[in-house]
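Start counting the sequence shown at 121; every next residue gets the next number (the numbering used here).
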Amino acid sequence: MMQLIEMFQSWDFTVHFTVTAPLNDLTTPLTELGVSPHQIALNDASFDVFVSDLAPDFVLFDRFIAEEQFGWRVAENCPDAMRILDSEDLHSLRMARKKAVAAQESFSETHWLSQELTLREMASIYRCDLTLIISLFEMDWLARFGVPKSILVYLPFLLKETDIPKNLPGYGEREHFVCIGNGLHAPNVDGFRWLYNEIWPGIRQRLPQAELHIYGGHIPESVRQLHKPEKGFLVQGWCKDVGQTMAQARVNLAPLRFGAGLKGKVLEGIKQGTPTVTTAIGAEGMAQEGLVWPGAICTSTTDYIEQAVHLYSHTESWEACMVNREKLLSSFGFAFYTKEIANLLDKLAKNLNNHRTHNLIGAMLRHHHMNSTKYLSKWIEAKNK
Numbered sequence: 121m122m123q124l125i126e127m128f129q130s131w132d133f134t135v136h137f138t139v140t141a142p143l144n145d146l147t148t149p150l151t152e153l154g155v156s157p158h159q160i161a162l163n164d165a166s167f168d169v170f171v172s173d174l175a176p177d178f179v180l181f182d183r184f185i186a187e188e189q190f191g192w193r194v195a196e197n198c199p200d201a202m203r204i205l206d207s208e209d210l211h212s213l214r215m216a217r218k219k220a221v222a223a224q225e226s227f228s229e230t231h232w233l234s235q236e237l238t239l240r241e242m243a244s245i246y247r248c249d250l251t252l253i254i255s256l257f258e259m260d261w262l263a264r265f266g267v268p269k270s271i272l273v274y275l276p277f278l279l280k281e282t283d284i285p286k287n288l289p290g291y292g293e294r295e296h297f298v299c300i301g302n303g304l305h306a307p308n309v310d311g312f313r314w315l316y317n318e319i320w321p322g323i324r325q326r327l328p329q330a331e332l333h334i335y336g337g338h339i340p341e342s343v344r345q346l347h348k349p350e351k352g353f354l355v356q357g358w359c360k361d362v363g364q365t366m367a368q369a370r371v372n373l374a375p376l377r378f379g380a381g382l383k384g385k386v387l388e389g390i391k392q393g394t395p396t397v398t399t400a401i402g403a404e405g406m407a408q409e410g411l412v413w414p415g416a417i418c419t420s421t422t423d424y425i426e427q428a429v430h431l432y433s434h435t436e437s438w439e440a441c442m443v444n445r446e447k448l449l450s451s452f453g454f455a456f457y458t459k460e461i462a463n464l465l466d467k468l469a470k471n472l473n474n475h476r477t478h479n480l481i482g483a484m485l486r487h488h489h490m491n492s493t494k495y496l497s498k499w500i501e502a503k504n505k
């Protein structure tokens, strides 16, 4: 979200940021960046007055649930405002993969197609004028099921040249393994447990002096109990400086068995020149044809152990990853994508009615969503008085 705010401000947009939670110290950084924070209420006509008075040209919904809650009100009170959905990642895809892993099944499209969450997220995508998709894989996935490319735009993580560190520590200046992930994110917790139960014992047997340091906010107690210094498995918790911590480690472990979108922990490892050992899920949307992955993409627990030990122990393989990272990072250029998106929004804004007319499925969904959600919301509003 901060990258999007920076992108909008680079176009000289005035940015307003709305939250349903009370404004507090967490919104202070936004104010310092020149962003105006506002508290809004769910199922309340006060939002209608607020958004009408504000009269925005563009409205960005942070994930599809926000669009479900406020999309119809924006459409009703600011019909000329372009409605943009920031998908973050395809949540329905992530949840379908999670269910497949829990059931010990190989993921298939049936897992995704058969859940209610998919219908809700897809409906939200169709109702909006444009949806930001963070991964090329997800662009292809949606196209595979008939979603028009005219309502989707690829927007990955954005990096400026100043975001890519120079003069990084070399192989001999680093030690140990690192794994970073927020404990509120289910794929990370699953990865921590996979490391402890299966992957780390195999690595430790081969590298008895090595340590694995787990970092992340909101680490659940069940993971904290895995803290075993005698086994070299250290659950450190919240990390003040992710970049510095990553740059001190020799190998980055990202053992993700489910998830969606691009992975910040993987990108951070690549930025800091730390070879990243991950899975196809972890590399999804980043691994590109013709580019060598700066680390390893593994297919099994045994493969994961072998690749992690090899990169940790072999200087030449490790240093090759440092070289490979530069080409991959160049595909996330801030200047390129901000220009592309600016041109697209300008074109759409000039032809918005025509764009909506040709999105027939979106028009039908907006019609029925307006009728159903609108009156449910009004009923809740009346009930709360």
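C-beta: ideal position from N, C-alpha, C; glycine also.
- Val429 is positioned such that its CB atom lies no closer than 8 Å to that of Leu262.
- Assignment of alpha helix (DSSP H) within the region 317-397, counting only whole runs of 4 or more residues, yields 320-326, 341-344, 362-368, 384-391 in chain order.
- In terms of Cβ geometry, Ser255 and Gly381 form a close pair [threshold 8 Å].
- With a cutoff of 8 Å on beta-carbon distance, Gly337 and Ile425 are scored as not near each other.
- Counting only residues of its own chain and dropping the five nearest sequence neighbours on each side, Ala161 has a CB closer than 8 Å to the CB of Thr140, Phe167.
- Each of Met259, Asn473, Arg377, Leu472 was checked against the Cα of Phe312, and the nearest Cα belongs to Arg377.
- Pairwise C-beta distances place the region 452-459 in contact with the region 271-287, as three or more of them are shorter than 8 Å.
- Going by DSSP, Gln129 is part of the alpha helix (DSSP H) stretching over 122-130.
- Residue environment for Trp413: buried (at least 16 other C-beta atoms within 10 angstroms of its C-beta).
- Taking the C-beta atoms as reference points, Phe137 is found no nearer than 8 Å to Leu124.
- Beta-bridge partners of Val179 (DSSP): Arg203.
- When Cβ pairs closer than 8 Å are counted between the two stretches, the region 214-221 is seen not to touch the region 167-179, the count staying below three.
- Assigned with DSSP and collapsed to three states, Cys418 falls in strand.
- In terms of Cβ geometry, Ala403 and Phe297 do not form a close pair [threshold 8 Å].
- Residues of the same chain with a CB within less than 6 Å of the CB of Asp249, apart from the 5 flanking positions on each side, are Met202, Arg203 in chain order.
- Here Gly384 is actually not in contact with Val397; their C-beta atoms are around 16 Å apart, not less than 8 Å.
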